[in-house]
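**Student:** I'd like to ask you about the structure that follows.
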Amino acid sequence: MKKGNGKGDELMASNYIRFDWAMKRLLRNKANFAVLEGFLTTLLNEKIVIQKLLESESNQEDEFDKYNRVDMLAENSKGELILIEVQNNNEYAYFQRMLFGTSKLVTEYINRGEGYDKVRKVYSVNIVYFSLGSGKDIVYHGKTEFRGIHQGDVLELTPFQKQTFKVDSVSQLYPEYYILKVNDFNQVARSPLEEWIYYMNTGDIPDGATAPGLDEARQRLKLDKMTKEELSAYYRHLDNIVILRDNIYTERAEGRAEGRAEGRAEGLMEGRMKEKREMVHNMKSLNIPLDTISQVTGLSIEEIKSL
4 MKKGNGKGDE LMASNYIRFD WAMKRLLRNK ANFAVLEGFL TTLLNEKIVI
54 QKLLESESNQ EDEFDKYNRV DMLAENSKGE LILIEVQNNN EYAYFQRMLF
104 GTSKLVTEYI NRGEGYDKVR KVYSVNIVYF SLGSGKDIVY HGKTEFRGIH
154 QGDVLELTPF QKQTFKVDSV SQLYPEYYIL KVNDFNQVAR SPLEEWIYYM
204 NTGDIPDGAT APGLDEARQR LKLDKMTKEE LSAYYRHLDN IVILRDNIYT
254 ERAEGRAEGR AEGRAEGLME GRMKEKREMV HNMKSLNIPL DTISQVTGLS
304 IEEIKSL
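In our numbering, each residue carries its 1-based index in the sequence shown increased by 3.
Spelled out as structure tokens, the structure:
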């Protein structure tokens, strides 16, 4: 689906629809839940059944956001909330955005007056097509643990809490985060999760892929099943993503060039100031009057005294 052009990833059509477009147009249909359920089952390593989709932030406010990201909020058969977001371009505060998204769900999906035992479990699944943070892996999992600062032990639930909340650890009560750095995957898929990431990265599904949900994706996410109007809209979507990425690349290149120019100017000024400081020290050592040093260097007497 994509090829490098030296500036940004230039997308090109493959046999299957991009995952973000599928989330916008196809996976919200209950008949296609099996695709999303398969992906989540593979990622979370437990059987996921989607009961319904809930209101998310998909009504983006501007044209950039419209193509830059897409999100979906699902409720599974256990009443847990799963927020799935695809982000196409860099956002420096994305970690905080993830935190804000889960915090918002925690507070919005509890009724006023209900006890804290009614707080819902939240999963935040983030599929990013940019380099987020600094790390060598392609999939990261974050969860909350309380570890003793003296003994190093992990704080556990009591037997009563385990029975009441039907979980085994404190971390299972808190939001969990998954980050899939799709663009960093450039190898042969060797696991079900890597098969999904390969599809998200390339838009292709290998014939031998057996990960849950990919067989349904083969059947329901083919380009040749789209109408002419749908294909036109889809290709416009791809073109807009390319334009957005190219614009961001250009802005960064210009910013780096300006930074280098400013750096050279600042370096030149610093060099001149260093010469003046050395000159002042030498003239001071010769007991030359301060007013004379000021006339020679152009520095004020107060500046000369401070050197």
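Glycine is no exception: its CB is placed at the ideal position from the N, C-alpha and C atoms.
#1: Alpha carbons only, please: which of 307, 280, 281 and 86 is nearest the one belonging to residue 293?
#2: Sorted by chain position, which residues of the same chain lie with C-beta nearer than 6 Å to residue 108's C-beta, five sequence neighbours on each side aside?
#3: With a cut-off of 8 Å on the beta carbons, I'd call residue 44 and residue 199 a contact; round off their distance for me.
#4: Where does residue 55 fall in DSSP's three states?
#5: Could you check the C-alpha separation between residue 145 and residue 127 for me, to the nearest Å?
#6: Would DSSP call residue 35 helix, strand or coil?
#7: CB-CB under 6 Å to residue 141, same chain, minus the five flanking residues each way: which ones, in chain order?
#8: Near residue 283, which residues of its chain fall below 8 Å by C-beta distance, leaving aside the five closest residues on each side in sequence?
#9: Going by DSSP in three states, residue 62 sits in which element: helix, strand or coil?
#10: In angstroms with no decimal places, state the Cα-to-Cα distance between residue 29 and residue 35.
#11: So, do the region 168-176 and the region 205-218 have three or more beta carbon pairs nearer to each other than 8 Å?
#12: Taking only the alpha-carbon atoms, compute the straight-line gap between residue 19 and residue 205 and give it to the nearest angstrom.
#13: Would you kindly work out how many angstroms separate the C-alpha atoms of residue 113 and residue 100, rounded to a whole number?
#14: Count the other CB atoms within 10 Å of the CB of residue 222; is the residue buried (16 or more) or exposed (fewer)?
#15: In the DSSP assignment, what are the bridge partners of residue 88?
#16: Hey, is residue 156's beta-carbon within less than 8 Å of any beta-carbon in chain D?
#17: Rounded to a whole number of angstroms, what is the C-alpha to C-alpha distance between residue 82 and residue 120?
#18: Would residue 47 and residue 31 be called neighbours here (beta carbons separated by less than 8 Å)?
#19: Is the separation between the beta-carbon of residue 89 and that of residue 149 shorter than 8 Å?
#20: Which residues share a DSSP beta bridge with residue 182?
#21: If distances are taken between C-alpha atoms only, which option among 174, 208 and 143 comes closest to residue 160?
#22: Under 8 Å, do residue 105 and residue 178 count as touching if we go by C-beta distance?
#23: Using a threshold of 8 Å, state whether the C-beta atoms of residue 25 and residue 224 are closer than that.
#24: Based on the DSSP secondary-structure assignment, which residues constitute the bridge partners of residue 225?
#25: Which residues in the same chain have their Cβ closer than 8 Å to the Cβ of residue 158, if we skip the five residues on either side of it in sequence?
**Tutor:** So, to answer that:
#1: Residue mapping note: residue 293 aligns to position 290 of the sequence shown, counting from 1. When only C-alpha atoms are compared, the closest one is 307.
#2: Along the sequence shown, one-based indexing puts residue 108 at 105. Taken in chain order, the residues that qualify are 84 and 125.
#3: Numbered from 1 along the sequence shown, position 41 holds the residue referred to as residue 44. Numbered from 1 along the sequence shown, position 196 holds the residue referred to as residue 199. In this structure residue 44 does not touch residue 199 by the C-beta definition: roughly 10 Å separates them, more than the 8 Å allowed.
#4: Reading the sequence shown from its first residue, position 52 is the one you call residue 55. Strand at residue 55.
#5: Position 142 of the sequence shown, counting from 1, holds the residue named residue 145. Position 124 of the sequence shown, counting from 1, holds the residue named residue 127. Between residue 145 and residue 127, the C-alpha separation is close to 10 Å.
#6: Numbered from its first residue, the sequence shown carries residue 35 at position 32. The answer is helix: DSSP assigns residue 35 an H, G or I state.
#7: Translated into positions along the sequence shown, residue 141 becomes position 138. Closer than 6 Å at the Cβ level, and outside the excluded window around residue 141, lie 184, 187 and 188.
#8: Looking up residue 283 in the sequence shown gives position 280. Answer for residue 283: 296, 300, 302, 307 and 310, listed in chain order.
#9: To locate residue 62, count along the sequence shown from 1; it is residue 59. Note on residue 62: pLDDT 46, under 50, position unreliable in the model; no value is reported.
#10: Position 26 of the sequence shown holds residue 29. Position 32 of the sequence shown holds residue 35. Cα to Cα, residue 29 sits roughly 7 Å from residue 35.
#11: no
#12: Here residue 19 is taken as the residue at index 16 of the sequence shown, counted from 1. Here residue 205 is taken as the residue at index 202 of the sequence shown, counted from 1. If you take the alpha carbons of residue 19 and residue 205, they lie about 9 Å apart.
#13: Here residue 113 refers to the residue found at position 110 of the sequence shown. Here residue 100 refers to the residue found at position 97 of the sequence shown. C-alpha separation (whole angstroms): 21 Å.
#14: Within the sequence shown, numbered from 1, the residue matching residue 222 stands at position 219. Exposed: under 16 other Cβ atoms inside 10 Å.
#15: To locate residue 88, count along the sequence shown from 1; it is residue 85. 74 and 129, per the DSSP bridge assignment.
#16: Note that chain D does not occur in the displayed structure, where there is just one protein chain.
#17: What you label residue 82 is simply residue 79 of the sequence shown in a count that begins at 1. What you label residue 120 is simply residue 117 of the sequence shown in a count that begins at 1. Their Cα atoms are separated by approximately 13 Å.
#18: As a position in the sequence shown, residue 47 is number 44, starting the count at 1. As a position in the sequence shown, residue 31 is number 28, starting the count at 1. Not in contact: residue 47 and residue 31 (Cβ atoms no closer than 8 Å).
#19: Within the sequence shown, numbered from 1, the residue matching residue 89 stands at position 86. Within the sequence shown, numbered from 1, the residue matching residue 149 stands at position 146. Judged by beta-carbon spacing, residue 149 lies beyond the 8 Å limit of residue 89, meaning their Cβ atoms are not closer than that value.
#20: By 1-based counting over the sequence shown, the position of residue 182 is 179. Residue 182 pairs with 129 and 143.
#21: In the sequence shown, counting from the first residue as 1, residue 160 sits at position 157. Ranking the options by Cα distance to residue 160, first place goes to 174.
#22: Reading the sequence shown from its first residue, position 102 is the one you call residue 105. Reading the sequence shown from its first residue, position 175 is the one you call residue 178. A contact, by the Cβ cut-off of 8 Å.
#23: Counting from one through the sequence shown, the residue named residue 25 turns up at place 22. Counting from one through the sequence shown, the residue named residue 224 turns up at place 221. Cβ atoms of residue 25 and residue 224: closer than 8 Å.
#24: For the purposes of this step, residue 225 is taken as the residue at position 222 of the sequence shown. Paired residue(s): 19.
#25: Taking the sequence shown and counting its residues from 1, one reaches residue 158 at position 155. Cβ within range, chain order: 148, 149, 150, 151 and 173.
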